[in-house]
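Residue numbers (my numbering), protein chains in the order written: chain A, 1 to 276; chain B, 277 to 533.
The C-beta atom is built at its ideal place from N, Cα and C for all residues, glycine as well.
All figures in this text were calculated on a predicted structure; none of them were measured in a lab.
Below is one structure, written out as structure tokens, with a few remarks after it.
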């Protein structure tokens, strides 16, 4: 039935709709460069969402854990074989994404007989110099984007844009790890609140009596309100942070921030939720 | 699919071969021209190697590093054909990283040992042909058990645990006897030596090896060439800088009569 071009376009459209639905409950991911490297933060539920890919590469993801695992393994495989056959400095995020997994994701997305990957991926790459730090994001349809400074993943592009606007507003020239952690959590909260709002709006649309659903979203919550939002969720979820640290000894620069480190760095209001 | 997280298997699937099998017995016997040693001291394990690389009578290079770090808690000291040895170290380094990153846990110490044996076994054809024999000493800190460990191998991949110390290379017969003597009748056993004394003994041992073995480099003060000495403890690996070795050598190794 998909042989006709129109049917195919329609099928791909349906797929987009189906996939967008899948991310509604997902946890946003925020990556940010700070004075010592790159920080990635999420507040995950159940399975971890941040991983080490290679000496200077980290991965953050949203979506189906099994699909994420599958792509994580392809990335690891490609990175290590390349690092062994050529050299570790030839393993770059751009090559892994653009020539490696992006075509695979795009193909799976467009082959309407097969299951697509339910994932959004963020790859952070620590350059030899700070100005070479790169962040790459890739969507479920294989579209990728390469940016510097900061990047986010969230349920919809509108929410991502909202998070980025907040980030640009709040970002200073150089951030310490502590400041960066505080900021990424607030940006995460912006995303998480917007996702909740979007779901509420969708429910409201179903019930015609609700009014003024759109207006609430326009107000930017205060700093405390954002941290409070994270605190409210941190009981059932885990604050997950990892850094690519330029000064780390040895070749592997990836380091997940352990509980003890988080306790020291987190804003005071959040320390109690990590302590238990 | 194979075993999960096995990097060497992955390489093989892509057509990689470590050893190219030559005709058995055609090669001439290659000496393992070097001296490497490892012994347990008070805080962990010390691994040392001279820096000379030879081909027959020729000194090829005087700045070789034969004590190679594989990960944060293990090193392999190599005697034998450098080309194969370096390749093995590269495979091991990537294997341990790949395992850690895919499986989200460290490979156990026993798993690491097994990986070394496996590579040596794969390399048997080249070893027998005389083109690729490697006789390594593998040393590290087993974090699970909280103890330092030393293993040595023959060219076929048999693994032996050294209780106190292990040596390999052409200069090793000389110092094996000294190590035995020191450990049995010395002022204190090797495993009670504090860090500084352990370094002094390592320098003395390599100087003795160089005295009787032309393929061992020893210390070359004029060129400021000191052996490579690494200390492995629970915290990780520490390479002893020349600046530390120099005064130790001058005050406690050189004989002022």
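Could you tell me which of the options sits nearest to residue i, measuring between CA atoms?
i	options	result
residue 419/B	448/B, 338/B, 385/B	385/B
residue 248/A	128/A, 226/A, 187/A	128/A
residue 101/A	66/A, 64/A, 85/A, 75/A	75/A
residue 349/A	110/A, 136/A, 13/A, 269/A	No answer is possible for residue 349/A: the residues shown for chain A start at 1 and end at 276.
residue 328/B	421/B, 445/B, 415/B	445/B
residue 107/A	44/A, 143/A, 92/A	143/A
residue 351/B	441/B, 413/B, 401/B, 330/B	413/B
residue 359/B	323/B, 315/B, 296/B	296/B
residue 362/B	342/B, 376/B, 498/B, 338/B	342/B
residue 61/A	34/A, 229/A, 123/A	123/A
residue 534/B	294/B, 526/B, 456/B	Because residue 534/B is not part of the residues shown, which for chain B are 277 to 533, the question remains open.
residue 132/A	112/A, 37/A, 51/A, 71/A	37/A
residue 166/A	28/A, 116/A, 183/A	183/A
residue 46/A	40/A, 55/A, 54/A, 25/A	25/A
residue 468/B	441/B, 451/B, 448/B, 447/B	441/B
residue 221/A	189/A, 115/A, 237/A	189/A
Express the C-alpha separation of residue j and residue i in angstroms, rounding to a whole number.
i	j	result
residue 482/B	residue 460/B	19 Å
residue 82/A	residue 491/B	36 Å
residue 410/B	residue 355/B	6 Å
residue 321/B	residue 141/A	52 Å
residue 151/A	residue 347/B	32 Å
residue 489/B	residue 374/B	39 Å
residue 370/B	residue 13/A	42 Å
residue 438/B	residue 485/B	20 Å
residue 423/B	residue 509/B	8 Å
residue 286/B	residue 241/A	30 Å
residue 79/A	residue 391/B	20 Å
residue 405/B	residue 291/B	22 Å
residue 18/A	residue 10/A	12 Å
residue 246/A	residue 31/A	15 Å
residue 174/A	residue 233/A	29 Å
residue 379/B	residue 3/A	42 Å
residue 289/B	residue 280/B	13 Å
residue 214/A	residue 181/A	Unreliable placement is indicated for residue 214/A, whose pLDDT of 47 sits below 50; no coordinate value is reported for it.
residue 319/B	residue 470/B	7 Å
residue 210/A	residue 91/A	With a pLDDT of only 45 at residue 210/A, under 50, the local geometry of the prediction cannot be trusted, and the value read off the model is given with reservation. Between residue 210/A and residue 91/A, the C-alpha separation is close to 53 Å.
residue 402/B	residue 435/B	19 Å
residue 195/A	residue 323/B	56 Å
residue 212/A	residue 197/A	Legend: pLDDT at residue 212/A = 44, less than 50; position of this residue unreliable, value from coordinates given subsequently. Approximately 12 Å between the Cα atoms of the pair.
residue 89/A	residue 59/A	18 Å
residue 336/B	residue 118/A	56 Å
residue 177/A	residue 265/A	8 Å
residue 530/B	residue 521/B	12 Å
residue 534/B	residue 523/B	Outside the shown range of chain B (277 to 533) lies residue 534/B, about which nothing can therefore be said.
Which residue or residues does DSSP assign as beta-bridge partners of residue i?
i	result
residue 256/A	242/A
residue 89/A	Per DSSP, none; premise fails for residue 89/A.
residue 39/A	32/A, 243/A
residue 416/B	350/B, 425/B
residue 315/B	322/B, 441/B
residue 190/A	Per DSSP, none; premise fails for residue 190/A.
residue 251/A	Looking at the DSSP assignment, residue 251/A forms no beta bridge with any residue, so it has no partner.
Grouping DSSP H, G and I as helix and E and B as strand, with all else coil, what is residue i?
i	result
residue 216/A	Its pLDDT being 49, under 50, residue 216/A is placed unreliably by the model, and nothing is read from it.
residue 150/A	strand
residue 54/A	strand
residue 101/A	helix
residue 118/A	coil
residue 308/B	coil
residue 393/B	helix
residue 512/B	strand
residue 84/A	helix
residue 6/A	helix
residue 131/A	helix
residue 64/A	coil
residue 373/B	helix
residue 274/A	helix
residue 380/B	coil
residue 431/B	coil
residue 44/A	strand
residue 360/B	helix
residue 457/B	helix
residue 223/B	Limits of chain B in this structure are 277 at one end and 533 at the other, which puts residue 223/B out of reach.
residue 409/B	coil
residue 126/A	coil
Can we count residue i as close to the ligand GDP, meaning its CB is less than 7 Å from some heavy atom?
i	result
residue 46/A	The ligand GDP is not part of this structure, which contains no ligands at all.
**Item:** Interfacial residues, the stretch 67-88 of chain A to chain B, with Cβ spacing under 7 Å
**Value:** 73, 76, 77, 80, 81, 83, 84
**Request:** Please list the residues of the stretch 26-53 of chain A that have a C-beta atom closer than 9 Å to any C-beta atom in chain B, keeping them in chain order.
**Result:** 48, 51, 52, 53
**Item:** Cβ-based contacts, 9 Å cut-off: residues of the stretch 227-261 of chain A near chain B
**Value:** 249, 250, 251, 252, 254
**Request:** Give the residues from the stretch 432-445 of chain B that approach chain A closer than 7 Å (Cβ to any Cβ), ordered along the chain.
**Result:** none
**Message:** Can you pull out the residues from the stretch 376-409 of chain B whose beta carbon lies closer than 7 Å to at least one beta carbon of chain A?
**Reply:** 377, 378
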